[in-house]
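Structure first, then comments.
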Amino acid sequence: TVGCVAVDMEGRCAAATSTGGLMNKMTGRIGDSPLIGSGTYACDLCGVSCTGEGEAIIRATLARDVAAVMEYKGLGLQEAVNFVINERLDGGKAGLIAVSRNGEVACRFNTNGMFRGCATEDGFMEVGIWD
Amino acid sequence: MGRWAIAVHGGAGVDPNLPQQRQEEAKQLLTRCLNLGISALRSNLPAIDVVELVVRELESDPLFNSGRGSALTEKGTVEMEASIMDGPNRRCGAVSGLTTVKNPISLARLVMEKSPHSYLAFSGAEEFARKQGVELEQNDYFITEDNVGMLKLAKEANSILFDYRIPLKTCSAGAAAAMESPLQMNGLPISVYAPE
């Protein structure tokens, strides 16, 4: 699975996710990536793209949950991302990337690694695989 | 004016024994895509255009599990899926079951922009693709030799693999390694997972 989230200079967030799914999957199997609110979500607060055990991400409505806890609990982006990865996956394995309308970027995963890269206008840039 | 930010990913969960060269290739692709997105943001492109642009680039490279280089179904074919969402108005588009569309994320974008719906799948999505005139490929364009080998091993392991690939070494070596590493993922010892 691959994904990208971005917030532009107008503070507009967007998210996109694309995948081939699971190796040896049944034909017709649909995972989390095309499900808005599970694998992908964006609103005025943030943009989120997820990857991992699709079935766990669907159960957790993971991407929407990041936006929901920001909206309802007033959490900041990284706090919200930490919360959903730590508390909402019920043992499932997944990772996600997210941006906020304030130009923040966050990433978190409970797997042993995640292919990821992020950058902000402030000059922060990171590309990594392992924890 | 706000400040821009961007993040990309190429899948979660990595074989702990991923060869250094594969790690470098992955980082170079991520860096290239990140820089593509950064220059688009600096040119004041809207975020929805930036995420589509970057995911198209990731789909076209066989290194990660999307577009070319997608994981295979039990029948050895490719069924791709994608979604895209624009924050300010929460418009969204999604597709599933694609077998010939070169860049699924762009078809998802067209569902959002050119259809009255949010999600099209399988034959309906393929028919929409033809009407929209997006770039099409034969299904085997998306299939790499690596993945054909990995499907074979997945079948031997009698398992469905989550966004990963099995080392091209034999699965039993993975099982042996599993004895040392109790870490499990999707019901299988992490060591049977190959680099993505």
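As you go down the protein sequences, you meet chains R and H in turn. Residues in the first sequence are numbered from 65 upward in steps of one, following our numbering. Residues in the second sequence are numbered from 2 upward in steps of one, following our numbering. Idealized CB from N, CA, C, for every residue including glycine.
- Using a Cβ distance threshold of 8 Å, H/I161 and H/V79 do not count as a contacting pair.
- Comparing alpha-carbon positions, the option among R/N174, R/N146, R/F188, R/E119 lying closest to R/V133 turns out to be R/N146.
- Shown here, H/F143 sits in a helix according to DSSP, grouped into three states.
- Taking 8 Å as the cut-off, the Cβ atoms of R/L160 and R/V191 do not count as close.
- Residue pairing from DSSP places H/Y120 in a beta bridge opposite H/A95.
- Taking a cut-off of 8 Å for Cβ pairs, the region 9-21 of chain H and the region 173-187 of chain R touch, as three or more such pairs fall below it.
- When C-alpha distances from R/N166 are compared across R/G187, R/G140, R/A80, R/L99, the shortest belongs to R/G140.
- Collapsing the DSSP output to three states places H/T74 in a strand.
- For H/L37, the uninterrupted alpha helix (DSSP H) run begins and ends at 21-43, by DSSP.
- A direct Cα-Cα distance of roughly 7 Å separates H/I85 from R/T104.
- Residue H/A126 holds the alpha-carbon nearest to the alpha-carbon of H/L108 among H/P117, H/R92, H/R91, H/A126.
- Scanning its chain for C-beta atoms nearer than 6 Å, with the 5 sequence neighbours on each side dropped, one finds around H/R92 the residues M113, in chain order.
- At a cut-off of 8 Å between beta-carbon atoms, H/D147 makes no contact with chain R.
- In the DSSP assignment, R/S113 falls within the beta strand (DSSP E) that extends over 110-116.
- For H/M151, the closest Cβ of chain R is nearer than 8 Å.
- Excluding the 5 residues flanking it on each side, H/T100 has same chain C-beta neighbours closer than 7 Å at T78, V79, E80, E127, N140, in chain order.
- Annotation for H/E82: the continuous beta strand (DSSP E) segment containing it runs 81-87.
- Contact of R/L86 with chain H is assigned, a C-beta pair being separated by under 8 Å.
- In the structure shown, H/M2 falls within a coil segment according to DSSP collapsed to helix, strand and coil.
- For R/C68, same chain residues with a beta-carbon under 6 Å away, outside a window of 5 residues either side, are A80 in chain order.
- In this structure, R/P98 and H/E82 form a Cβ contact; the two beta carbons are roughly 4 Å apart against a cut-off of 8 Å.
- R/A124 is not a Cβ neighbour of H/G88, given a cutoff of 8 Å.
- Along the region 11-34 of chain H, going in chain order, the ones with a CB nearer than 8 Å to a CB of chain R are G11, G12, A13, G14, V15, P17, L19, Q24, A27, K28, L31, T32, C34.
- H/F129 sits buried, since 16 or more C-beta atoms from the chains shown fall within 10 Å of its C-beta.
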